[in-house]
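Here the sequence shown is numbered in my numbering, starting from 5 and rising by one per residue. Ideal Cβ placement from N, Cα and C applies to all residues, glycine included.
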Amino acid sequence: MKLRMIAATAAATIAWTSPVAAENAATLDLMPVPRSTELGAGAYIVGADFSVAVEGAGATDRLRAGVGRMLRRLSDHTSLFFQPATFLDLSARDGVSMTVSAARGGAVELGEDESYTLTVTAEGVRLEAVTDIGALRGLQTLLQLVTLDERGITVPAVEITDAPRFPWRGLMIDSSRHFMPVDVVKRNLDGMAAVKLNVMHWHLADDQGFRVECLAFPKLHQMGSDGRYYTRHQIREVIAFAAERGIRVMPEFDLPGHATSWVVGYPELASQPGPYEIERGWGIFKPTVDPTREETYQFLDTFFGEMAELFDDDFLHIGGDENTGEHWNDNAEIREFMEENGYADTHELQQYFSQRMQTILEGHGKRMVGWDEILQPELPTSIVIQSWRGREALYEAAGRGYSGILSNGYYIDLIQPTDFHYLNDPLPEDAPISAEAAKRVLGGEATMWAEFVNPETVDSRIWPRTAAIAERFWSPRHVRDVDDMYRRLDRVSLRLEGLGLQHERNQRMMLRRLCQCRDVDALEVFLGTVEPVKIYNRGQQRKHTSFSPLTRAVDAARPDASPARRFRQAIDGLIDGGFHDTDLLEEARSWLRLWQENHAALEEIFRSSPALSEVESLSRDVSEISLSGLAALEILADGETASRDWLRPRLDRLRAAKEPRGQLELMIVEPVKRLLCVAVGEKGSDEPGCRADESMAEAAPSHRPRCLGLACRGRYRGSGL
Ligand code: ACM
Numbered sequence: 005m006k007l008r009m010i011a012a013t014a015a016a017t018i019a020w021t022s023p024v025a026a027e028n029a030a031t032l033d034l035m036p037v038p039r040s041t042e043l044g045a046g047a048y049i050v051g052a053d054f055s056v057a058v059e060g061a062g063a064t065d066r067l068r069a070g071v072g073r074m075l076r077r078l079s080d081h082t083s084l085f086f087q088p089a090t091f092l093d094l095s096a097r098d099g100v101s102m103t104v105s106a107a108r109g110g111a112v113e114l115g116e117d118e119s120y121t122l123t124v125t126a127e128g129v130r131l132e133a134v135t136d137i138g139a140l141r142g143l144q145t146l147l148q149l150v151t152l153d154e155r156g157i158t159v160p161a162v163e164i165t166d167a168p169r170f171p172w173r174g175l176m177i178d179s180s181r182h183f184m185p186v187d188v189v190k191r192n193l194d195g196m197a198a199v200k201l202n203v204m205h206w207h208l209a210d211d212q213g214f215r216v217e218c219l220a221f222p223k224l225h226q227m228g229s230d231g232r233y234y235t236r237h238q239i240r241e242v243i244a245f246a247a248e249r250g251i252r253v254m255p256e257f258d259l260p261g262h263a264t265s266w267v268v269g270y271p272e273l274a275s276q277p278g279p280y281e282i283e284r285g286w287g288i289f290k291p292t293v294d295p296t297r298e299e300t301y302q303f304l305d306t307f308f309g310e311m312a313e314l315f316d317d318d319f320l321h322i323g324g325d326e327n328t329g330e331h332w333n334d335n336a337e338i339r340e341f342m343e344e345n346g347y348a349d350t351h352e353l354q355q356y357f358s359q360r361m362q363t364i365l366e367g368h369g370k371r372m373v374g375w376d377e378i379l380q381p382e383l384p385t386s387i388v389i390q391s392w393r394g395r396e397a398l399y400e401a402a403g404r405g406y407s408g409i410l411s412n413g414y415y416i417d418l419i420q421p422t423d424f425h426y427l428n429d430p431l432p433e434d435a436p437i438s439a440e441a442a443k444r445v446l447g448g449e450a451t452m453w454a455e456f457v458n459p460e461t462v463d464s465r466i467w468p469r470t471a472a473i474a475e476r477f478w479s480p481r482h483v484r485d486v487d488d489m490y491r492r493l494d495r496v497s498l499r500l501e502g503l504g505l506q507h508e509r510n511q512r513m514m515l516r517r518l519c520q521c522r523d524v525d526a527l528e529v530f531l532g533t534v535e536p537v538k539i540y541n542r543g544q545q546r547k548h549t550s551f552s553p554l555t556r557a558v559d560a561a562r563p564d565a566s567p568a569r570r571f572r573q574a575i576d577g578l579i580d581g582g583f584h585d586t587d588l589l590e591e592a593r594s595w596l597r598l599w600q601e602n603h604a605a606l607e608e609i610f611r612s613s614p615a616l617s618e619v620e621s622l623s624r625d626v627s628e629i630s631l632s633g634l635a636a637l638e639i640l641a642d643g644e645t646a647s648r649d650w651l652r653p654r655l656d657r658l659r660a661a662k663e664p665r666g667q668l669e670l671m672i673v674e675p676v677k678r679l680l681c682v683a684v685g686e687k688g689s690d691e692p693g694c695r696a697d698e699s700m701a702e703a704a705p706s707h708r709p710r711c712l713g714l715a716c717r718g719r720y721r722g723s724g725l
C-alpha cells in the first residue's frame, strides 16, 4: 500500500511538471495528431440521451457497425446507460446529438480516401467524409476526444480537418515463429483501427511454421505447423474483421529462403534432398526452394492461385530476404543451371526466381511485395519494396520508379524506445530524392517479429509504441514533439487497454505467476527500472528455441520503462536548471527513495521464487544506486560539492551495475552517474567515467542498431556467435 502511494505521488508530480509546448495544446490527447485542429469555445456534454444518425450514400453496413462499436466504447468508457434505441436507430431524424455522413462506400485498397472533418459544438457533433472508411477514422478521433473530468463527460468544441500523410500504414504480425491465435490478431486489429493504421501484413510462413490451411498441398499445414495453423474459414474471418475496420490484410509467404516449413511436407521443392523437420531455433537457416526446376514453379503457381483467391488484397508478399544461397551452391545441378544461364552468383539466381514469382503473382492478379533484397532492374515497377536494411534501398527504389515502404527503424521486436521509432520518418525533409520519387514512398510498417513473443506478451511489444509509429505515418511531418508524444501515449495506452489489448494488464499476471504471490507491487516497482536488452542482444546472451519459456522477468518487463524515463527527464531538468526546481527535486527524491527501499520489500519474494533469482542482484543494485543518487541529490540541493574519493567507488558500482542479468538491463545507471559527476563540481568533468564523451549508455537506450542486414539477424537468431 505504502509503495503504491509513493508511486502515485511521484506520478502526479510528473504530470504536473511535464512540459507541454504551447503549440501542442491543440493536439489534445489525440494520437495520431490530425492535419488541422481548431479549438472552439466550450464543449459538448455527453449524456445518456446521446444519439447518432448515419446518412449519405456511404451509409454502409460497415459504417453502421462502426458507429455501433463507437457507441459501445463510449458507453463502456463513460458507464452511461444509453437507451437500446441509441444503438438500434441510426436513421436521420431531428434532434440527434451526432450526424455521420459519408458520400460513398470506400474500397479497402491502397490509396482509398480516408479524409474526414469533425465538427463539435456545444449543440452537437457532425462527422463528414468522402468514404465510410474516412468516417471510421473520424469516429476514432471522436472517441479520443471524449474527456472525463470534474466537468463531467465532455467533448471539446473543435473543428478537425484530417487526412493521412501516407496511404500505407502497417503493422506486420509474425504468426510463424510463435503462432498467434485469431483472437490475438483480432484484438490487435482493433488496436490498429484505434490509431488509424490500415494494413495488417501477416507473416504466415517461415522456417518455424507454415500457418495457413492449403487445399492443394495439405502437407504444408499438416506437416509444417505442429497443428497450429489458420483454417481457411479463420483467414476469411480475420480478413472480414479487418475490412470492417477499413484495414487491408496482406499475406506474406517467405521464399526462397526461410522455407524449412514448406519442405517438411514437400522435400521435392528443396535444393537439397532432406528429410526436413520444422526448425525450432532462431537464426538464418539453409533450406531453400529449388529455383531451377519447372516443378517448383508449377507448385507455386497452384499454391499462389489458391492464396490469391483466399486473400483479396491487391498485394501479396513473397519475402525474399536472407537467403544464404548455401544449399544452391552445394547442389551440382543448380550450379550447372547457373553456369548455363550465365548467373555469376546466387544473388543473380534469386533475381531469376523473383522474376518468375512476379509473373506468377501477376497472373493471379496480384502486385508483388518483397523485402529489399528483391530489388533488381528486371522487375516491373508495379512491385513494392519493403525496406528493412536501411532507408537507402527505399530511396534507390523510388528513384528507379518503384514504390516502397519503410520498416527500417520500426522493428518493434528490438525493444528500442518509442521516441527512436517516432522520430524515424519515412520521408524526412532532407530525403535525397526528387519530389516525383517521393510520391512513391507509400509509408511504412512496424514489424512484430515473434521469436521472443507469444500471445501473452505480444501486445506489450506492439503497444503502446506502435501508436506513436502510427502517428508518424498519419500526421504531418512537423509533428515531432517527443514530450508531447509521451504525454499523449500514456493516455492512449489506457484507451488501447480498454479495447481489450493486454499490454498493461498481463504484466501483473505474469509477476503473480513468477512469485506465486498476490502482492506484486514491489516487483512492479523493480520492473520500472529495467528493460529487456535491446537490438539483437537477447538471442546472443542466451540460446532460445521455440520451446523456451517466455514467462521470465525479461518477458514481463516492458520496452521504454516509463518510471525510468520520467526519472531521466527529471534529472535532465535538474541538471539544466541548477537544482533549484523544488518540484523536480521532490520528484527525483521520490523515485530514488522508492527504489532504494524496494529491494528490502523483495527479499522474501526472491527467497521463494527460483525463477526470479536471475535478477535478484539487479534489484540489489537498484537499491544501492538509488542510495548513491539520493546522497548526490542532497549534496547538490545543499549547494555543496563531493570529493573525488567519494565519487570513485560509487562510479565503480555503477559500472558493474550496467551489466545485464537475465537479459534485463538497468535504465537508471546513466542519470545517476550524471548526478554523481555533477556533485563533484567542475573537477568531476575530467574524472574517468564522467567525461562528456564517456557514457554508461550501454545500459541506456541504444538508438542505433549495432549491426545491420544479414550478418545482424544471423547473429541475433541464435547462431551463437
Ligand atoms: C527481415 O527482417 N529479415 C526482413
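Residue i to residue j span [Cα, whole Å]
| i | j | result |
| --- | --- | --- |
| L431 | M196 | 22 angstroms |
| L589 | L606 | 26 angstroms |
| F303 | R517 | 47 angstroms |
| A246 | A683 | 55 angstroms |
| Q420 | A442 | 27 angstroms |
| Q354 | S180 | 23 angstroms |
| L680 | R570 | 18 angstroms |
| E440 | A402 | 9 angstroms |
| S647 | E691 | 11 angstroms |
| E330 | K290 | 6 angstroms |
| G502 | Y233 | 28 angstroms |
| D4 | R654 | This structure gives no information on residue 4, because the portion of the chain shown stretches from 5 to 725. |
| M227 | A220 | 14 angstroms |
| I416 | R522 | 31 angstroms |
| A592 | A574 | 6 angstroms |
| E702 | G543 | Annotation note: pLDDT 46 at E702 (below 50); position unreliable, no value reported. |
Residue i vs residue j beta-carbon contact at 7 angstroms
| i | j | result |
| --- | --- | --- |
| G408 | L398 | yes |
| D178 | A454 | yes |
| A161 | T103 | no |
| T645 | G693 | no |
| M204 | V253 | yes |
| K547 | L418 | no |
| V216 | L208 | yes |
| I364 | F307 | no |
| S358 | Q390 | no |
| W467 | H507 | yes |
| S105 | F54 | no |
| A661 | L670 | yes |
Nearest residue (CA-CA) to residue i, options the options
| i | options | result |
| --- | --- | --- |
| A274 | T121, D211, E638 and R495 | D211 |
| V37 | V134, Y48, L149 and A47 | L149 |
| A557 | I539, L527 and F583 | L527 |
| P192 | T586, T470, R495 and I575 | Correcting the residue identity first, residue 192 is Asn in this sequence and not Pro. Closest option to N192, Cα to Cα, is T470. |
| G405 | V445, R371, G394 and G369 | V445 |
| G324 | E299, L379 and M311 | L379 |
| D316 | T422, E118, P295 and R240 | R240 |
| Y120 | L131, V112, I243 and I672 | L131 |
| G369 | F319, L383, V242 and Y356 | F319 |
| G448 | W375, D488 and P384 | W375 |
Identity of the residues DSSP links to residue i by a beta bridge
| i | result |
| --- | --- |
| E607 | According to DSSP, which records beta bridges pairwise, E607 is partnered with nothing at all. |
| L175 | M204 and A450 |
| D153 | G156 |
| P536 | L668 |
| Q238 | In the DSSP output, where bridge partners are listed per residue, Q238 has none listed. |
| R371 | F319 |
| I389 | G374 and G408 |
| V2 | Nothing in the structure corresponds to residue 2, since the chain is present only between 5 and 725. |
| I164 | T41 and L122 |
| R129 | Arg is not the amino acid found at residue 129; the sequence shown has Val there. Its beta-bridge partners are M102 and V124. |
7 angstroms Cβ cutoff, residue i in contact with chain C
| i | result |
| --- | --- |
| A161 | Structure shown: chain C not included; a single protein chain is present. |
Heavy atom of ligand 2 within 6 angstroms of residue i beta-carbon
| i | result |
| --- | --- |
| E455 | The model depicted lacks ligand 2 and carries ligand 1 instead. |
- Which runs of the alpha helix (DSSP H) fall wholly inside the region 15–101 and span at least 4 residues, in chain order? 65–82 and 88–92
- Message: Threshold first: 3 residues or longer. Then list the beta strand (DSSP E) segments lying entirely within the region 621–688, N to C.
- Response: 668–670
- Ignoring anything shorter than 4 residues or poking outside the region 553–583, list the alpha helix (DSSP H) runs there in chain order. 557–560 and 566–581
- Query: What are the start and end residues of each continuous beta strand (DSSP E) run of 3 or more residues lying completely inside the region 235–286, in chain order?
  - Reply: 252–259
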